[in-house]
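A short worksheet on the structure shown next.
In the working numbering, the protein residues as written are 3 to 105.
Here you go:
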């Protein structure tokens, strides 16, 4: 999977390689029941995930507000989560399988 990007003020940024805290926050958010969140609370939480994933001083809430259309927030967050998952599973399939070594 290609690395997601975000373009702010004409400059494109890629997220930093995710750490465990990023994986945990994304997983918790996507597992969470969101029916009691207002639209504003939901979008704010999505933006928080974007900020966490990119972890760059140039990627700020203000920059996102100024440059990203509201309809693109949720798709970007989902793309980031799929990317994080793909990185995780790419490494898992490379782990040795104890059963494969037994004959």
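Just so it is clear, CB atoms sit at the ideal spot from N, CA and C, and this is done for glycine as well.
Asked                                                                                                                                                                                              : Found
Does the beta-carbon distance from residue 15 to residue 84 come in below 7 Å?                                                                                                                     : no
Going by DSSP, what residue range makes up the beta strand (DSSP E) through residue 8?                                                                                                             : 8 to 10
Over what stretch of residues does the beta strand (DSSP E) that includes residue 13 continue unbroken?                                                                                            : 13 to 15
Exposed or buried, which one is residue 30 when buried takes at least 16 other CB atoms within 10 Å?                                                                                               : exposed
For the 8 Å Cβ check, are there 3 or more pairs between the region 50 to 70 and the region 3 to 22?                                                                                                : yes
Whether or not the region 4 to 11 and the region 30 to 39 are in contact is what I'm after, with contact meaning three or more pairs of Cβ atoms, one per stretch, closer than 8 Å; do they touch? : no
Any idea if residue 24 is buried or exposed, counting beta-carbon neighbours within 10 angstroms, 16 or more meaning buried?                                                                       : buried
What is the DSSP secondary structure of residue 46, counted as helix, strand or coil?                                                                                                              : helix
Apart from the five residues on each side of it in sequence, which residues of its chain come closer than 7 Å, Cβ to Cβ, to residue 75?                                                            : 45, 48 and 49
Return the residue from the list 73, 95 and 56 that minimises the CA-CA distance to residue 82.                                                                                                    : 56
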